[in-house]
Every structure is written in structure tokens, then in C-alpha cells.
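*Asks:*
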Amino acid sequence: MNNLRNLRGMNDLLPDQTPFWQKIESVFRDHFSRAGLKEIRTPLLEVTELFSRGIGEGTDVVGKEMYTFLDRGERSCTLRPEGTASVARALIQHGLLKQGPLRLWYSGPMFRYERPQAGRLRQFHQVGVEFFGLSSEINDAELISIAWDLLNDFGVKDLKLELNSLGNQEDRKKYQDKIVNWLENRVELLDEDSQKRLYKNPLRIFDSKVPSTQDLLKDAPLLINSLCNESRLRLEKLMDILRALEIPFSQNFRLVRGLDYYSHTAFEITSNQLGAQSTICGGGRYDSLINQLGGLETSAIGWAIGIERLLLLAQDSFTFSFPDVYFVNKGQNAELLALSITRKLRSKGIFVEIDNSSSSFSKQFKRADRCKAKWALVLGEDEILNNELRLKKLGRDESLNEIDKTKEVLVPINNIDILIKTILA
RNA sequence: GCGGGCGUCGCCAAGUGGUUAAGGCAGCGGCUUGUGGCGCCGCUAUUCGGGGGUUCGAAUCCCCUCGCUCGCCCCA
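Residues 65 to 489 (the working numbering) make up the first sequence, in order.
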């Protein structure tokens, strides 16, 4: 094939898929507006430094997954691999954080240069929520509840919410020393990848799926035991709130988010029906990010949902509507009149599909039946002569198990109101 | 970046060395010059992702290459 193709991992959304996307988008927009969240839209392209500084040099996202290139002015640019850093940058840049707390959402394409597989693409889509300037546990709980309710609203089954605390920066540092020390005495038992991570990003050794490493870690000291009283109390309080809200969760002491900017609350919502990628929603608190990017110390918490993954889970539960009217028409005078009537019906909110093919009535009716329209509206030479429209009920009477061809109404062409009334009845 | 699987019509798919490359769905036309689910008839790949090679002969064997897909790593 000499034809042009899309780039690897950058998929087209074809007309038979876009209805699912529109459905998802409308559901989350509705949730967010009822929760009083405001939308923010930031560019897809940012200076590379934003991500290397914000997400962390040691992370895989920055180290090997970014879509980075030089623009014509020799600036290093990167297609955003996630949304949080850009949102933070925009808020700092425009001074919005000085005006009090913010509750925001965003959605759109993100880019990571990885080998595509089920539930993972190079251009993928996320929808995310971020709260700024809201530090108490009740906010963590509200934020989590929005994700939880949203996913449940999509009819997703078997969701699991997992929760952990990464403590504050001092807790983490204290623990990091402890775990590195503990692991140093057992380096030879670690797999190769984990050995590399030992000094670069030791916390993420807990992410390893190598069985021998996981075995070893069973006896390792846990981060949760290094939390100071304040951090521990914070976690307890959040769990109490979640229990009171009847949002089921489990604690996962190994849950360490991949990106550097997290602190305290870390959570993940997973499904066992996603193949190798089980995480559908990931999030946590990142109180140090704004400061790290040059803003004032600001508490912040957020999550992101992978829309492709949500689609894999929710698709089956979606239903869509079919046309109210399929306009069967034939003959030169009929075509123009049909189009003009179609416009009037559409302006009244009626879903009309018009057949402009000029093919035989038989063909047009077949198409009308196949598109599952409620009515066939017929206009041909005969109708024009009699100055009337023929409205015919489609579909079958389940009890008769065959087509009832008798349900036909004649409406004067100059009395569209009756037509509309009949269709909407 | 590394493994496994796969690439035959818009989609699904048979064929695994021998004259014309099954079939199904969708599409178009007809049976029915103006009436729908079904049925019947006809049309739709000089060509098997691409390039080389072996052979009298290849979609079928070999080599290279490209692409897709699943998984590893990591993440949403």
C-alpha cells in the first residue's frame, strides 16, 4: 500500500464511534456543571521544561515517553503528556490562584511516545478534575466522590478504589532513606529494573511486577509507618469521610503514583476488565507542584480518567436514538419541496433523514426501514397532484410479528402543523 | 526499546505449490416504471501489505522490509 496512513498510535475516530465519545463527553460535562466546576483549556504544545520540571526528571513519562521536538525558533517543545502541569502553569501565569480556591476540569488529547496496546495509545484522551487552594480532607473526599459517581453513572462494573498516603515531603524523605538502606542490603535479590531505580526513584520499586521482587518487598518497611502523626491523622480522617459517604475503598500500601509531584493522598480506581491496563482513574494530592513551577505554595489535588479505557468499559451500556422521520421522495418537483419541508420539521426539533437518491420507492423504503426511523414521510408525483403528504408508520407490531402496512395518514401539504403534531404524538 | 501473534475486496473470512483466488456482510442494480423486515437474480480483488529470491509454476516455500495487534517496561 502506497497510501498515506495515520502515525502509529494516533487513531481516527470514525463516524460509528463518535456517538460514544459525544455521549461520554455530555455525561461528564453534566456531572461537572452540577458540581460547580469550571472548564479550563490549555494548549497541546508547551515548552519542554514545563514537564521536565513539573513531572520530574526521574519519571518514565519525562525520561522516555515525551513527544519532543525543536520548533523553527529552536525552542524545545513537547506535546503535553498529561494535563496537570499545563493547568498549573496557566493558573500561575494568569494569577488566578490569588483569587481564591478553584475547582476546575479539563479534557482533551494527551501524547506519550510508547508502543500502543489495548487501552493505550500515543494520542489518547483524558478528562481530569483539579482543585486548588483547598487543603482539608473533605476536599479530597469530594474530588474522589466525583470520579466515583461519574464512573458508576456510566454503568461500569467491578470498580475498585484503592487508597494510600505518600505523606508530606519530610515523611517521604525519611522513608526513602529507610527503604534504600533496607534494599541496599538485598540488592542482589532485586530484578534489574528495580536495581536501576534504587537511587533514581526508589518508591516505584513497589510498582514492580516481578514476582521475586514483590516477594522480597513483603517484608520491607512500609511508607505508611513512616508518616508523621499529622499525615497519619489526615489519612484517617479522609477514610472516615469516605466510609461515611459509603464509598467503598481498600488501602493499598504499595500504591505509589508514578509522577513526582504527589504527596499525601494517592488513589487509583481500577477495573479487572481492561486487559493489562487496569487503571481507569488515577490521582492524588500535589501540594508542592505549584511552588515547584514558580508559584506560591498552594494546596492542590486532582485526578484523570482515560477516556479510551472508559469507553472499553462503558460502551455496551450506551443507547442512541433513531430518526423520527425518513423522507421518501421522488420526482423533480418533489425533491425541492421535500427539502423545504425537511427544514421546517428540523427547525421544530424533529430528527429527519432525507433520501436524495432519486432511486425507486422500493429502495427508499428499504433504507427507511433499515435506519429504524419511526415514520416514513412520502412525497411523489401522486402526492403532489393531490397536494398531500403521506405519513406512514414504520416498524412492526410485535404481537403480529409482521408489518402492519395499514397505518398511513394523509396530510395536506400546506398544513405542516398537523404533520408535526402527528409525528410528535 | 524488547518479546509473541497476524497481514487475501469497505468489513469478516476460505485457500498452505498447479488451469478462471470460495463464501458471508455491507454497497449498487433488478424481480416490484410508486411502497419496508424475508426471498431470488446479477455486478463489485488480473490479485493476495511491499520488495527480492527459489521454482516450469507461489497468496501458498525462503530472505528483507513495512504495518497492525497483544504483552513487557510505565501509565490514564
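For every residue, glycine included, the Cβ atom is placed at its ideal position computed from N, Cα and C.
Counting only the same chain and skipping the five closest in sequence on each side, list residues whose C-beta sits under 6 Å from that of Gly-395.
*Replies:* Along the first sequence, one-based indexing puts residue 395 at 331. If we look at Gly-395 and ignore the five residues flanking it on each side, its Cβ neighbours are Gly-444 and Glu-445.
*Asks:* Whose C-alpha, out of Leu-143, Gly-183, Arg-139 and Val-125, is nearest the C-alpha of Tyr-131?
*Replies:* By one-based count along the first sequence, residue 131 stands at place 67. Nearest of Leu-143, Gly-183, Arg-139 and Val-125 to Tyr-131, Cα basis: Leu-143.
*Asks:* For Arg-98, I'd like the list of residues in its chain whose CB is within less than 8 Å of its CB, leaving aside the five on either flank, ordered along the chain.
*Replies:* Indexing the first sequence from 1 puts residue 98 at position 34. Contacts found: none.
*Asks:* Short of 7 Å in beta carbon distance, which residues of its chain neighbour Leu-319, apart from the five on each side in sequence? Order them along the chain.
*Replies:* On the first sequence, residue 319 is found 255 positions in, with the first residue counted as 1. Correct list, in chain order: Glu-226, Asn-228, Ala-330 and Glu-332.
*Asks:* For Asp-324 and Gly-120, which I take to be in contact (beta-carbon distance under 8 Å), what is that distance rounded to the nearest angstrom?
*Replies:* Taking the first residue of the first sequence as position 1, residue 324 is located at position 260. Taking the first residue of the first sequence as position 1, residue 120 is located at position 56. About 3 Å; that satisfies the 8 Å criterion.
*Asks:* What are the boundary residues of the alpha helix (DSSP H) that Asn-75 is part of?
*Replies:* As a working mapping, residue 75 is identified with position 11 in the first sequence. In the DSSP assignment, Asn-75 falls outside any alpha helix (DSSP H) and carries neither an H nor an E.
*Asks:* Using a 10 Å radius around the Cβ and a threshold of 16 neighbouring Cβ atoms, would you call Phe-133 buried or exposed?
*Replies:* Taking the first residue of the first sequence as 1, we reach residue 133 at position 69. When all chains shown are included, Phe-133 counts as exposed.
*Asks:* Assuming Glu-372 is part of the alpha helix (DSSP H), what are its boundary residues?
*Replies:* Numbered from 1 along the first sequence, position 308 holds the residue referred to as residue 372. Counting along the chain, the alpha helix (DSSP H) containing Glu-372 begins and ends at 371–378.
*Asks:* Let me know the secondary structure DSSP gives Gln-428 once reduced to three states.
*Replies:* On the first sequence, position 364 is the one that residue 428 refers to. In the structure shown, Gln-428 sits in a helix (DSSP, three-state: H, G or I).
*Asks:* Under 8 Å by Cβ, that's how I've got Asp-235 and Leu-281 pegged, so tell me the actual separation to the nearest angstrom.
*Replies:* One-based indexing of the first sequence puts residue 235 at position 171. One-based indexing of the first sequence puts residue 281 at position 217. Between Leu-281 and Asp-235 the Cβ distance is about 19 Å, and since that is not below 8 Å, they are no contact.
*Asks:* Buried or exposed for Tyr-390, please, with buried defined as at least 16 other CB atoms from any protein chain shown within 10 angstroms of its CB.
*Replies:* Here residue 390 corresponds to residue number 326 of the first sequence, with the count starting at 1. Label assigned to Tyr-390: buried.
*Asks:* Can you list, in chain order, the residues of its chain whose CB lies under 7 Å from that of Ile-305, leaving out five sequence neighbours each side?
*Replies:* For this step, residue 305 is matched to residue 241 along the first sequence. Here the set comprises Glu-201, Ile-202 and Ala-205.
*Asks:* Is the beta carbon of Leu-68 sitting closer than 9 Å to the one on Phe-218?
*Replies:* Position 4 of the first sequence holds residue 68. Position 154 of the first sequence holds residue 218. In terms of Cβ geometry, Leu-68 and Phe-218 do not form a close pair [threshold 9 Å].
*Asks:* Can you tell me whether Leu-483 is helix, strand or coil according to DSSP?
*Replies:* In the first sequence, counting from the first residue as 1, residue 483 sits at position 419. If DSSP states are grouped into helix, strand and coil, Leu-483 belongs with the helices.
*Asks:* DSSP on His-95, reduced to helix/strand/coil?
*Replies:* Position 31 of the first sequence, counted from the start, is the residue given in the question as residue 95. Three-state DSSP puts His-95 in a helix.
*Asks:* Here's a check: name, in chain order, each residue in its chain whose Cβ is nearer than 6 Å to the Cβ of Ser-116, leaving out the five neighbours to either side.
*Replies:* By 1-based counting over the first sequence, the position of residue 116 is 52. These residues qualify, in order along the chain: Val-126.
*Asks:* If you draw a straight line from the C-alpha of Ser-463 to the C-alpha of Leu-223, how long is it?
*Replies:* Indexing the first sequence from 1 puts residue 463 at position 399. Indexing the first sequence from 1 puts residue 223 at position 159. Annotation note: pLDDT 48 at Ser-463 (below 50); position unreliable, coordinate value reported separately. Between Ser-463 and Leu-223, the C-alpha separation is close to 40 Å.
*Asks:* Is the Cβ-Cβ distance between Gln-181 and Gln-341 less than 9 Å?
*Replies:* Position 117 of the first sequence, counted from the first residue, corresponds to residue 181. Position 277 of the first sequence, counted from the first residue, corresponds to residue 341. Contact: yes.
*Asks:* Count the CB pairs spanning the segment 99–107 and the segment 169–179 that are closer than 8 Å, and state whether there are at least three.
*Replies:* yes
*Asks:* How would you label Ser-404, buried or exposed, when you count the other beta carbons within 10 angstroms and need 16 or more for buried?
*Replies:* Residue mapping note: residue 404 aligns to position 340 of the first sequence, counting from 1. Classification of Ser-404: exposed, given that the 10 Å Cβ count is below 16.
*Asks:* With H, G and I counted as helix, E and B as strand and the rest as coil, what does DSSP make of Leu-360?
*Replies:* Residue mapping note: residue 360 aligns to position 296 of the first sequence, counting from 1. In the structure shown, Leu-360 sits in coil (DSSP, three-state: anything other than H, G, I, E or B).
*Asks:* I need the DSSP call for Asp-390, collapsed to helix, strand or coil.
*Replies:* Position 326 of the first sequence, counted from the start, is the residue given in the question as residue 390. Residue identity differs from the one stated: residue 390 is Tyr in this sequence, not Asp. Strand at Tyr-390.
*Asks:* Residues in the same chain with beta-carbon distance under 7 Å from Ala-402, minus the five sequence neighbours each way, listed in chain order, please.
*Replies:* Counting from 1 along the first sequence, the entry for residue 402 is found at position 338. Same-chain partners within the cutoff: Phe-391, Asn-393, Ile-418 and Leu-443.
*Asks:* Based on Cα-Cα distance, which residue from Gly-358, Gly-370 and Arg-176 lies nearest to His-158?
*Replies:* Looking up residue 158 in the first sequence gives position 94. It is Gly-358 whose Cα lies nearest to the Cα of His-158.
*Asks:* Measure the beta-carbon distance from Gly-147 to Gly-118 and round it to whole angstroms, keeping in mind my assumption that it falls under 8 Å.
*Replies:* Within the first sequence, the letter at position 83 stands for residue 147. Within the first sequence, the letter at position 54 stands for residue 118. No, Gly-147 and Gly-118 are not in contact; Cβ-Cβ is about 11 Å, not under 8 Å.
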